[in-house]
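S.K.: For the sequence shown, our numbering assigns the number 9 to the initial residue and increments by one for each residue that follows. For each residue, glycine too, the CB sits at the ideal point set by N, CA and C.
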Amino acid sequence: MHDLRGHPMVNDHLDAFFNPGVDAGIVFGTFIAAAESIGMCTCPISAIRNHPDQVADVLDLPAHVYPVVGLCLGWPAHNGAMSPRLGLAATVHIDRYNGADLPAQIDEYDARRNLTRPYRDRRDDARFGADKPYGWSEDKARQYAAPERQGWGRFVRARGFKLD
């Protein structure tokens with residue numbers, strides 16, 4: 009935009025990367041709400057960031073543009089079930105953050121989610137053991153105990169972003 013209007017770009021720092029990602033999240037949520045309001049089902053695909061170079065090539069993305077998330081959508085073949093979410097007490101804070109009850113809230117969510125959507129598969133029991141209860145929090149802890157998207161910083165810098 010600055011080149012188009014003949015103005016200098018003096019804000020080439022982390023926010024030039026961060027702000028479009030936030031905007032993409034807002035648009036993404038609005039798109040999901042619109043699709044679901046007409047009866048469509050949606051499935052966000054964060055794995056699109058697992059192969060950012062290939063995605064950027066396939067989509068012919070210009071400099072300073074990066075993939076944030078993919079989205080599958082379609083008309084449901086049958087009625088689905090709402091996926092439980094972490095409670096508002098854990099995710100909404102008024103005036104200031106208070107995580108004092110977070111461990112109990114996570115345990116409550118694990119129990120509530122396992123009643124309706126228990127995990128069929130467990131991540132890497134050979135490494136972490138099969139003897140402990142397995143819910144959302146154990147799954148996420150195991151997921152992030154293994155390297156993921158190690159090249160993401162290199163990728164966004166190669167797209168022209170300065171992350172300082």
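Distance check for residue 157 and residue 138, CA to CA, integer angstroms please.
M.R.: 26 Å
S.K.: As a quick exercise: from 60, 58 and 41, pick the residue whose alpha carbon is nearest that of residue 51.
M.R.: 41
S.K.: What residue does the beta strand (DSSP E) around residue 69 start on, and which one ends it?
M.R.: Where residue 69 is concerned, there is no enclosing beta strand (DSSP E), given that its DSSP letter is neither H nor E.
S.K.: Does the stretch 81-95 come close enough to the stretch 105-124 to have 3 or more Cβ pairs within less than 8 Å?
M.R.: Contact between the stretch 81-95 and the stretch 105-124 is established, with three or more Cβ pairs separated by less than 8 Å.
S.K.: Name the two residues that bound the continuous alpha helix (DSSP H) containing residue 114.
M.R.: That run of the alpha helix (DSSP H) goes 110-124.
S.K.: In chain order, which alpha helix (DSSP H) runs of at least 4 residues are fully inside the stretch 15-71?
M.R.: 22-45 and 60-67
S.K.: How should residue 70 be labelled, buried or exposed, when 16 other C-beta atoms within 10 angstroms of its C-beta is the threshold for buried?
M.R.: Residue 70 comes out exposed.
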